[in-house]
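Residue numbers (our numbering): 854 to 976.
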């Protein structure tokens, strides 16, 4: 579904406000002005999906034939899931550094401060 120009503008404002308020959360949630973008390798993900389906069929088929077939099917499912998760890569920005979540040394201090304010009732 296509967004109208007004909706796009509002979404951009919300993203900018989120990035200004909590950059780490903005990076964690996905692509933003500060964050990176994940790229999925289609062929690897498709192959992993195919093997996962094969593993499910082996588990179901092994229930009626032999327990070892079910165990092997389960192992195929686990391996294909790991393979699919590895198909996601972080696209690098122009500086050559991964564009994933940025480490902020003051993050824990800010979180503790926010926690203390909430516990005292000061929002």
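Beta carbons: idealized from backbone N, C-alpha and C, even for Gly.
What are the start and end residues of the alpha helix (DSSP H) that includes residue 856? Looking up residue 856 in the chain shown gives position 3. First-last for residue 856: undefined, no H or E at that position.
Answer yes if the stretch 895 to 905 comes into contact with the stretch 928 to 938, meaning at least three C-beta pairs across the two stretches below 8 Å, and no otherwise. Taking a cut-off of 8 Å on C-beta distances, the stretch 928 to 938 touches the stretch 895 to 905, as three or more cross pairs fall below it.
So is residue 880 buried or exposed if we call it buried at 16+ other beta carbons inside 10 Å? Working through the chain shown from its first residue, we reach residue 880 at position 27. Residue 880 is classed as buried because its beta carbon has at least 16 other beta carbons within 10 Å across all chains shown.
Within 10 angstroms of its Cβ, does residue 926 collect 16 or more other Cβ (buried), or is it exposed? Numbered from 1 along the chain shown, position 73 holds the residue referred to as residue 926. That one is buried.
Residue 959: first and last residue of the uninterrupted alpha helix (DSSP H) it sits in: Position 106 of the chain shown holds residue 959. Element bounds for residue 959: n/a, residue is neither H nor E.
Delimiting residues of the alpha helix (DSSP H) encompassing residue 901: The sequence position of residue 901 within the chain shown is 48, counting from 1. Element bounds for residue 901: 895 to 917.
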